[in-house]
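Chemist: Quick note: the sequence shown uses the UniProt record's numbering, first residue 1, plus one each step.
C-beta: ideal position from N, C-alpha, C; glycine also.
Note that the structure is predicted; figures quoted are calculated from it, not measured.
A single structure is presented below for examination.
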Amino acid sequence: MANNQQAEKGQVRSFSFASPTVHPITDVESGRNGPRRRSPHDYLPTRRSKLCCCGCCGATVLLLGVTILVLALTVFKVKDPEVTMNNLHLDRLFVPGIGTPENPISVNATLTADISIKNPNVASFRFRNSTTEFFYEGVTVGAAYAPDGYVKARRTARMNVTVDVMTDRVVLDTNATAAVVVEER
């Protein structure tokens, strides 16, 4: 009967509260006198805090980029390895006899070269079998055969390289004898 009287007077009593995210209510509307509880809406970041977070993230990315660039141009710059010949040893000398008019000197030799490969880089490197040919005026006069290997970072590796020298190919050129034999005038 009390509800009918309130309905006739135009007063309707609601049993549900308004949503705090759409229409926040105050302590007076809720009928509480104590401290108001915070809603999840109160903890959402503001525009200022979002800008501050993005600024800090951007500054961090920029600082990391500059650091990587400086390291790449200074510390991690790739340098060429240094190759040094320590010793040269004559293994075999082949003289087939007195030369012919077409081939006045016929001497071939096999040498073993003790070489060092110094790696100045901060990273190690590997290399495969290699052949190096020596030319004199377009003619192959020798070949060096190096085995594959591995050189650690900032270390030096030593290895033996076989070198075949074919002097008979040099002598066929008449200008080569003048380069080898020095005449006094």
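Using C-beta distances below 8 angstroms, list every residue in its chain close to residue 75, excluding the 5 sequence neighbours before and after it, in chain order.
Modeler: 122
Chemist: Along the chain, which unbroken stretches of the alpha helix (DSSP H) at least 4 residues long are found entirely within the region 77-154?
Modeler: none
Chemist: So if DSSP puts residue 163 in a beta bridge, which residue, or which two residues, is it bridged to?
Modeler: Bridge partners of residue 163: 111, 144.
Chemist: Considering Cα atoms alone, identify which of 48, 115, 77 is closest to residue 162.
Modeler: 115
Chemist: Which value, in whole angstroms, describes the spacing of the CA atoms of residue 185 and residue 90?
Modeler: In this prediction, residue 185 has a pLDDT of 45, which is less than 50 and means its spatial position is unreliable; what the coordinates show is noted afterwards. Each residue's alpha carbon lies about 34 angstroms from the other.
Chemist: Using the C-alpha atoms, what's the distance from residue 143 back to residue 134?
Modeler: When only Cα atoms are considered, residue 134 and residue 143 end up about 6 angstroms apart.
Chemist: Restricting to Cα atoms, I'd like to know which of 166, 132, 119, 141 is closest to residue 151.
Modeler: 119
Chemist: At the level of alpha carbons, what is the spacing between residue 167 and residue 147?
Modeler: 24 angstroms
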